[in-house]
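Report on the following structure.
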Amino acid sequence: MARERVFAAIESVGTRVHIALAPRTVDRAVSRGRLNDLEAETFARLIRDVAPAVAYVDACDPNAQRFGQKVFRLAGGLSRVVSRHHADRDLPVVGAASIVAKVLRDAALTRLREQLGPELGSGYPSDPKTVEFVRRRLADGGPVPAWLRRSWATMQRVKPRRPARTLDGFVP
Numbered sequence: 720m721a722r723e724r725v726f727a728a729i730e731s732v733g734t735r736v737h738i739a740l741a742p743r744t745v746d747r748a749v750s751r752g753r754l755n756d757l758e759a760e761t762f763a764r765l766i767r768d769v770a771p772a773v774a775y776v777d778a779c780d781p782n783a784q785r786f787g788q789k790v791f792r793l794a795g796g797l798s799r800v801v802s803r804h805h806a807d808r809d810l811p812v813v814g815a816a817s818i819v820a821k822v823l824r825d826a827a828l829t830r831l832r833e834q835l836g837p838e839l840g841s842g843y844p845s846d847p848k849t850v851e852f853v854r855r856r857l858a859d860g861g862p863v864p865a866w867l868r869r870s871w872a873t874m875q876r877v878k879p880r881r882p883a884r885t886l887d888g889f890v891p
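Okay, so the sequence shown: first residue is 720 according to this note's numbering, each after it adds one.
Below, the structure is given as structure tokens:
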């Protein structure tokens, strides 16, 4: 695949670094309305680890400048931060980072499929195979598996709902 070729070629241009976030970390940020903050904190951590002269980030905040300032502050002012919307489309270095993220995500899904079976599908919400797999895993009402983000919109859509209790159920 083209992504894997670019992924391999990135090593010849520079050092590939990444941070993988656990599903529960993302869920916790989403539940507190802090997903953008989590992204800024993660970018800042990468900047502190690598210390580039300039760091380019794809802004998830509607105000790209504000997002860049937040990343800069969280990184301790270590590097100049250029924050733009659609940076993955417009800046090759950010596009490369997007490819790294997608290839690593696909590799993680491959490992998960080895454990759970091919029925898992691609892991994308548009994949009917994935949606059906998640629906079956949640059908018994048991705990949500650790590998599944509770905040994933698809999971919320297919999660079985407990029937509402009426007031009659509380009367002795």
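Idealized CB from N, CA, C, for every residue including glycine. Every value quoted in this text rests on a predicted model; they were computed, and no experiment measured them.
- Roughly how far, in whole angstroms, is the beta-carbon of Phe-762 from the beta-carbon of Val-776, given that I think they are within contact range, below 8 Å? For the purposes of this step, residue 762 is taken as the residue at position 43 of the sequence shown. For the purposes of this step, residue 776 is taken as the residue at position 57 of the sequence shown. Yes, they are in contact, since the Cβ atoms of Phe-762 and Val-776 sit about 5 Å apart, within 8 Å.
- Task: Can you have a look at Leu-740 and say buried or exposed, based on whether 16 or more other CB atoms are within 10 angstroms of its CB?
- Result: Here the question's residue 740 lines up with position 21 in the sequence shown. When all chains shown are included, Leu-740 counts as exposed.
- Please report the Cβ distance between Thr-829 and Gly-840, rounded to the nearest whole angstrom; I am assuming they are in contact, meaning their Cβ atoms lie under 8 Å. Here residue 829 is taken as the residue at index 110 of the sequence shown, counted from 1. Here residue 840 is taken as the residue at index 121 of the sequence shown, counted from 1. Not really, about 12 Å apart at Cβ, beyond 8 Å.
- For Arg-799, the nearest candidate out of Phe-786, Arg-808 and Gly-733 (CA to CA): The sequence position of residue 799 within the sequence shown is 80, counting from 1. Closest option to Arg-799, Cα to Cα, is Phe-786.
- Look up Ala-865 in the DSSP assignment and say whether it is helix, strand or coil. Mapped onto the sequence shown, residue 865 falls at position 146. Three-state DSSP puts Ala-865 in coil, outside helix and strand.
- Where DSSP assigns a beta bridge to Tyr-843, which residues make up the other side? Here residue 843 refers to the residue found at position 124 when the sequence shown is read from its first residue. Answer is none; Tyr-843 lacks a bridge partner.
- Might you give, ordered along the chain, the residues of its own chain that have their beta carbon closer than 7 Å to the beta carbon of Leu-797, omitting 5 neighbours on each side? Within the sequence shown, residue 797 is the residue found at index 78, counting from 1. Within the same chain, Leu-797 has close Cβ partners Ile-766, Arg-767 and Ala-770.
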